[in-house]
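Peer 1: Structure in structure tokens, see below.
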Amino acid sequence: MGALTPARGGRPQAGKEPQQDRSRATRRKLLEAAISCLAERGWSGSTVSVVAERAGVSRGAAQHHFRTREDLFTAAVEHVAEKRQGALKAVAHNLPPAGSIARTWTIVEELVGLYTGPLFRAALHLWVAASDEEQLRERVTALEARVGREAHRTAVALLDADESAPGVRETVQGLLDMARGLGLANLLTDDSARRERVVEQWSKIIDEALSR
């Protein structure tokens, strides 16, 4: 007697992961592996084959999801940027009391964290590559503009800043520019001690600017 076959439309067999879920999981592995490779190896050392190997998938599977290397790495930087923005927004639920310097300090520290982790290092390698490769430059420029706008909106929301007040918009943008500079300083050496002092001082500046 032959083995029983599940009726069409019946429940999937136990332990069988739906194809769509497997596809999403593979894509996520590739994106996260791409960020790690870009941060550690730079653009020249980060090929689709290297990323696929690190992700534990075949090169064919990688190319099924991302037709070109440029597609893979711009998607990877965007993926992690979105995750970081999500984590940053979640900070709003665990902040010190409104109007306190501790609240401002926590927000400034989190914003600086956007530019001092592996995402910024990976993004920087992508910027350098884009400066030499015209086909990459346009999409990276558009990506960075979008990420920058979202970072600014998030900063304004977290700080509850009134950008109609004179100088407030520029102060918030200055904070993000300063954070980017701290990220650059952190690329070659551990700059955490100096960064802590700068964050403390900028927290006071922001707090004063917003309370006028």
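Residue numbers (my numbering): 923 to 1134.
C-beta: ideal position from N, C-alpha, C; glycine also.
Assign W1124 to one of three DSSP states: helix, strand, or coil.
Peer 2: Three-state result, W1124: helix.
Peer 1: Would Y1037 pass as a contact of L1104 if the rule is Cβ separation under 8 Å?
Peer 2: Yes.
Peer 1: Kindly indicate which residue of E1072, R950, G964, T1063 has the alpha-carbon position closest to the one of A974.
Peer 2: The residue with the shortest Cα to Cα distance from A974 is R950.
Peer 1: Are A1077 and L1097 close, meaning C-beta to C-beta below 8 Å?
Peer 2: Yes. Within cutoff.
Peer 1: At 4 residues or longer, what runs of the alpha helix (DSSP H) sit wholly inside the segment 963-1014?
Peer 2: Qualifying alpha helix (DSSP H) stretches, in chain order: 970-977, 981-987, 991-1012.
Peer 1: Judging by CA-CA distance, which residue of Q941, S966, K1005 is the nearest neighbour of E1072?
Peer 2: It is K1005 whose Cα lies nearest to the Cα of E1072.
Peer 1: Given a threshold of 16 other Cβ atoms within 10 Å of its Cβ, counted over all protein chains shown, does G982 qualify as buried or as exposed?
Peer 2: So G982 counts as exposed.
Peer 1: Cα-Cα, which of P1019, E1060, A1003 is closest to P1040?
Peer 2: With distances taken between Cα atoms, P1040 lies closest to A1003.
Peer 1: Can you list the alpha helix (DSSP H) stretches of 4 or more residues lying completely in the segment 1035-1075, in chain order?
Peer 2: Listed in chain order, they are 1040-1054.
Peer 1: Since I believe L952 is in contact with F988 (beta carbons under 8 Å), could you give me their beta-carbon distance rounded to a whole number of angstroms?
Peer 2: The pair is a contact, with the Cβ atoms about 7 Å apart (cut-off 8 Å).
Peer 1: Given 8 Å as the limit, is there contact between the segment 1122-1129 and the segment 1049-1068, that is, 3 or more CB pairs closer than that?
Peer 2: No, because fewer than three Cβ pairs between the segment 1122-1129 and the segment 1049-1068 fall closer than 8 Å, the two stretches do not touch.
Peer 1: When DSSP labels each residue in this structure, what does T1026 get in the three-state scheme?
Peer 2: Looking at T1026 - three-state DSSP - the assignment turns out to be helix.
Peer 1: Taking A956 as the reference, give the member of A1064, A1087, A1079, H1001 with the closest Cα.
Peer 2: Of the listed residues, the one whose Cα sits closest to A956 is H1001.
Peer 1: How about A1062 and L1046: are their beta carbons less than 8 Å apart?
Peer 2: The sequence given here has Val at residue 1062, not Ala. In this structure, L1046 does not lie closer than 8 Å to V1062 by Cβ.
Peer 1: Please confirm if the segment 1007-1023 is in contact with the segment 1075-1091, defined as three or more CB-CB distances below 8 Å between the two stretches.
Peer 2: Taking 8 Å as the limit for Cβ pairs, the verdict is that the segment 1075-1091 does touch the segment 1007-1023.
Peer 1: Within its chain, find whatever has a CB closer than 7 Å to the CB of A865; leave out the 5 residues flanking it on each side and keep chain order.
Peer 2: With the chain represented from 923 up to 1134, any question about residue 865 goes unanswered, as that position is not in the structure.
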